[in-house]
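In the numbering used here, the protein residues as written are 104 to 534. All C-beta atoms, glycine included, are put in the ideal place defined by N, C-alpha and C.
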């Protein structure tokens, strides 16, 4: 979900922060916020749209007061605040910079064309991250499907481009970048995870293609002579490159670079491109407010997991795949990845912070590394809050006038499509 990198290690490197003894009751604010996000728009959408800021911020501050006053753990709060700043700086800069890029596809939306767009996104996600690829492609994807957009169009876009595709490089998804910083070779995901990536992408694209064939073609989108695909706003690709390079910088230089890139990209973007894209700051505002609440309220749950991971009785590879995945679906997948990767190291009497042990683990126990990596990345697609691109794509689509599945409506798709897929992945690769 997050990408925050400290001077030499990620800001969210949980092993660098002492475990906090937290009462399980204080996990309630997180699950209450999650329930509100899922249910409130369905019960009373207008009320939620006006009141989600005080609800999210209020629950977040409640936990902050508990840690600051009750536990006197102000360091833990600053740590989380740094995570949040890194997260919103990265997501915000990608959203703003790509908002000045016009990707136009002058093609009639057919199942084959749509599947091709998702396939391109599945490759692009490993080069510019799942957030970058999602924001770059979602508007053109919606445009070519105008008049025939259905809920599954949004859902499968999030499944493929926003999550599953980022499995091949450390740039693709934050947990893999965390592993790279811990000493796992940069090209290890590409060499080791491509069968899981290929199987997942192929099944999802095939399923999407046959579902999309049942939706009538729209008369609103017609092909025109001349160029079928063109891109405007090339200057913003320069700032996109700066953003990617910034990921390897220490804090606070990374955040400064991200903010400067966003400001420059917005300033130099052509106004007509921003208007054509329907660009405004409402989607990133909603993401910023809700994820502030999520970051703060999930502190007790993450601390409890860190303190109790060794006592969960995990031993098999498939168990590591599922526990990492299920918790990554609602929690920050970066510290979840770190927590259970550390548990896997401990299972083999190795230390994740020792370079020699990391090399030995990669060589002799790579299956556990595959399980934790795949679980953290793949399961981010299960809920809207499982990964940053999910909620951003949802909000952009809503701002474009598309009727998007509710939180629970989205999970109906993920339960029907992703859980059987992950059962297959677990059977093929981790049993």
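Exposed or buried, what is residue i when buried is set at 16 or more other beta-carbons lying within 10 Å of its beta-carbon?
i: residue 398; result: buried
i: residue 97; result: The chain is shown from 104 up to 534; residue 97 falls before or after that span and cannot be answered.
i: residue 300; result: buried
i: residue 518; result: exposed
i: residue 278; result: buried
i: residue 217; result: buried
i: residue 531; result: exposed
i: residue 493; result: buried
i: residue 441; result: buried
i: residue 332; result: exposed
i: residue 380; result: buried
i: residue 528; result: buried
i: residue 148; result: exposed
i: residue 316; result: exposed
i: residue 348; result: exposed
i: residue 419; result: exposed
i: residue 498; result: buried
i: residue 515; result: exposed
Helix, strand or coil for residue i per DSSP?
i: residue 152; result: helix
i: residue 451; result: coil
i: residue 534; result: coil
i: residue 206; result: strand
i: residue 522; result: helix
i: residue 335; result: strand
i: residue 516; result: helix
i: residue 372; result: coil
i: residue 403; result: helix
i: residue 244; result: helix
i: residue 485; result: coil
i: residue 461; result: helix
i: residue 133; result: helix
i: residue 412; result: helix
i: residue 290; result: coil
i: residue 497; result: helix
i: residue 161; result: helix
i: residue 253; result: coil
i: residue 390; result: helix
Please look up how many angstroms separate the CB atoms of residue i and residue j, rounded, as I've assumed it's under 8 Å.
i: residue 373; j: residue 203; result: 7 Å
i: residue 220; j: residue 240; result: 7 Å
i: residue 482; j: residue 446; result: The pair is not a contact, with the Cβ atoms about 17 Å apart (cut-off 8 Å).
i: residue 364; j: residue 196; result: 5 Å
i: residue 496; j: residue 261; result: 5 Å
i: residue 443; j: residue 475; result: 5 Å
i: residue 142; j: residue 339; result: 38 Å between Cβ atoms; not a contact.
i: residue 166; j: residue 403; result: 7 Å
i: residue 257; j: residue 488; result: So it is not a contact: roughly 15 Å between Cβ atoms.
i: residue 187; j: residue 395; result: 6 Å
Pick from the options: whose alpha carbon is nearest that of residue i?
i: residue 502; options: 385, 404, 457; result: 385
i: residue 485; options: 267, 183, 178; result: 267
i: residue 378; options: 205, 131, 185, 141; result: 205
i: residue 319; options: 287, 249, 359; result: 249
i: residue 354; options: 129, 182, 164; result: 182
i: residue 341; options: 145, 357, 367; result: 367
i: residue 311; options: 135, 208, 521; result: 521
i: residue 459; options: 523, 285, 500; result: 285
i: residue 189; options: 337, 145, 352, 169; result: 352
i: residue 307; options: 273, 251, 259, 154; result: 259
Measuring only the C-alpha atoms, how far is residue i from residue j?
i: residue 469; j: residue 457; result: 16 Å
i: residue 393; j: residue 133; result: 11 Å
i: residue 211; j: residue 490; result: 30 Å
i: residue 360; j: residue 263; result: 29 Å
i: residue 159; j: residue 131; result: 13 Å
i: residue 303; j: residue 297; result: 10 Å
i: residue 472; j: residue 422; result: 12 Å
i: residue 294; j: residue 309; result: 24 Å
i: residue 242; j: residue 151; result: 25 Å
i: residue 325; j: residue 157; result: Any reading at residue 325 must be qualified, since the residue scores a pLDDT of 48, below 50, and its modelled position is unreliable; no value is offered.
i: residue 288; j: residue 478; result: 19 Å
i: residue 171; j: residue 164; result: 10 Å
i: residue 344; j: residue 231; result: 8 Å
i: residue 238; j: residue 193; result: 12 Å
i: residue 370; j: residue 416; result: 54 Å
i: residue 103; j: residue 451; result: It is not possible to answer for residue 103, since the shown part of the chain is limited to 104 through 534.
i: residue 236; j: residue 271; result: 14 Å
With 8 Å set as the bound, which would you pick, yes or no: does the beta-carbon of residue i sit closer than that to a beta-carbon of chain E?
i: residue 480; result: Included in the structure is just one protein chain, with no chain E present.
Would you say the beta carbon of residue i is closer than 7 Å to some non-hydrogen atom of the ligand ATP?
i: residue 426; result: No copy of the ligand ATP occurs in the structure displayed, which carries no ligand at all.
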